[in-house]
Amino acid sequence: MKSAIERRMEIVTVVNQDGKARVEDLAEKFNVSSVTIRSDLSFLEKNGYVVRSHGAAIPNSGVIAELTIHEKRRNNAGVKSLLGKAAAQLIHSGDTVILDSGTTTREIAASLKAMENVVVMTNGLDVAMELSSAPGVEVLMSGGVLRKEALSFSGSQAEAGLKNYRFDKVFLGVDGFDLRAGITTHSEQEASLNRLMCEISEQVIAVADSSKFGKRSCHMIREFGNIDILVTDSGIPEDYLAGLRDMRVEVIIVEKEN
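If you use full-length UniProt numbering, the sequence shown corresponds to residues 1 to 258, in order.
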């Protein structure tokens, strides 16, 4: 039987994919009581994941709640692996790159094990750990204050350490990608650090699975379209794809595995 965390994250996925989920249907799907599902939905509504409505749950179309790093790893893990592999193909021998913290950028790091003569700066503790077994990759850490729930460093010390560097490419993992709100994240300090990462890099590359589109967090990193490349999956909405291409953003699309 799934743990409560696994069940609740799958409930969020079902609600977001179907647009609505009834208590009875969820109870049958997860083989638990309606009381358990109502408790799950109360927890998810309190934390901003869904909205309860007449014996059912619907997506929260407003500001998204922040997941812990462990919850994020379970979310769309297969798609993130594909995105990581596709994004890693944009990195070549001799490149200096920044990998933002996050579960998707960690997948990029996992695909760099055989690379030679690459320098990677990261503010992600788990990203650095992933690259510790890549002999041809020199790893630099940003330093700063560790946000334990995200395993990421940020703050004035992190920003001061980056200002003397210049990089070829930055790979941004994002929490939300919205037509009006732009590319956003939950942490004000991380957003500030991400903006600096973009300023000191020649090329800005966002890596986001399609569940991030139409979602927004509180703190903007870049305006919509103010990137060079987007790596995403085939679930990207048509209006987003058209808008990005109108702004001359290169969009690399990977097909979801069935």
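Ideal Cβ positions, reconstructed from N, Cα and C, are used throughout, including at glycine.
For Gln-157, the closest alpha carbon among the candidates Gly-143, Glu-149, Val-170, Lys-148 is that of Gly-143. In the three-state DSSP reduction, Ile-227 falls in the coil class, being neither helix nor strand. A residue is called buried once 16 or more other Cβ atoms fall within 10 Å of its Cβ, and Arg-106 is buried on that count.
Here the stretch 202 to 214 makes contact with the stretch 167 to 176; the two share three or more CB pairs at distances below 8 Å. The beta carbon of Val-79 sits closer than 7 Å to those of Asp-209, Asp-233, Lys-256, all from its chain and outside the five residues before and after it, given in chain order. With contacts defined as CB atoms closer than 8 Å, Lys-212 and Gly-176 qualify as a contacting pair. Of the candidates Thr-122, Ile-58, Ser-33, Ile-58 places its Cα closest to the Cα of Glu-45. With fewer than 16 other CB atoms across the displayed protein chains lying within 10 angstroms of its CB, Met-247 is exposed. Runs of beta strand (DSSP E) with 3 or more residues, each lying fully within the UniProt domain "HTH deoR-type" (4 to 59), are found at 50 to 52, 56 to 59, listed in chain order. For the stretch 151 to 181, the full-length beta strand (DSSP E) segments reaching 3 residues or more read 152 to 154, 167 to 173, 176 to 178 along the chain.
Taking the Cβ atoms as the reference, Val-251 lies roughly 12 Å from Leu-83, outside the contact range of under 8 Å. When DSSP reads this structure, Glu-138 sits in a beta bridge with Val-119.
The beta carbons of Leu-244 and Val-207 sit no closer together than 8 Å. By the 16-neighbour rule on beta-carbons within 10 angstroms, Glu-130 is buried. Assigned with DSSP and collapsed to three states, Val-204 falls in strand. Closest in C-alpha terms to Val-118, from the list Ile-5, Ala-27, Asp-95, Tyr-49, comes Asp-95. As DSSP reads the structure, Ile-183 sits in a beta bridge with Phe-177, Arg-222. With a contact defined as Cβ atoms closer than 8 Å, Glu-190 and Ser-217 miss out at about 10 Å. Each of Asn-194, Gly-136, Gly-102 was checked against the Cα of Leu-125, and the nearest Cα belongs to Gly-102.
Shown here for Thr-185: same chain residues with a beta carbon closer than 8 Å to its own, the five before and five after excluded, namely Val-174, Asp-175, Gly-176, Ala-191, Asn-194, Ser-217, His-219, Ile-221 in chain order. The Cβ atoms of Ile-108 and Ala-88 sit closer than 8 Å to each other. Taking Ile-37 as reference, the option from Ala-150, Ser-187, Gly-214, Met-9 with the minimal CA-CA separation is Met-9.
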